[in-house]
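Q: Per the working numbering, the sequence shown starts with residue 96, numbered consecutively.
Backbone N, C-alpha and C define an ideal beta-carbon position, used for all residues, glycine too.
If you scroll down you'll find the structure; I have some questions about it.
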Amino acid sequence: MTRFSVHVEAQGDEPGTVTDDALGEFGRLLAPYSGSASGGSGRPVWGATISIEAGDVPEAVAVATYLIAQTATRAGLPGWPVVRAAAVREDVMGEGGQ
96 MTRFSVHVEA QGDEPGTVTD DALGEFGRLL APYSGSASGG SGRPVWGATI SIEAGDVPEA
156 VAVATYLIAQ TATRAGLPGW PVVRAAAVRE DVMGEGGQ
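And the structure:
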């Protein structure tokens, strides 16, 4: 298994539905994955970056997307569609402009 840093972003049509309280809870729930949450500021978007182990990039993206979406729902964030997901092996982060 390889360690990956995975970023997932979701976007919707309803500005203002991402509250600071929900983002704070989102970040707290992501802590076991060395995660960070982002979003709000009047934009209909939320996102997160987490660290997970997976066999390859497609698996890392699939697992992280599922975990992040489930965690967002638990935190009270809107169930918007994922519009971006990217994974980078942690052992090569910072190389080649990453």
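Quick check on S136: buried or exposed, where buried means 16 or more other Cβ atoms within 10 Å of its Cβ?
A: exposed
Q: What are the boundary residues of the alpha helix (DSSP H) that V152 is part of?
A: 152-170 is the span of the alpha helix (DSSP H), which, as asked, contains V152.
Q: Jot down the residue ranges of each uninterrupted beta strand (DSSP E) in the region 97-129, minimum 3 residues, whole runs only, in chain order.
A: 97-106
Q: Please go through the same chain and pick out, in chain order, the residues whose beta-carbon is closer than 6 Å to the beta-carbon of Q165, but skip the five residues on each side of it.
A: Spatial neighbours of Q165 in its own chain (CB-CB distance under 6 Å, excluding positions within 5 residues in sequence) are not present.
Q: Expressed to the nearest angstrom, what Euclidean distance is found between the alpha-carbon atoms of R106 and D115?
A: The question names Arg, but residue 106 in the sequence shown is Gln. Each residue's alpha carbon lies about 16 Å from the other.
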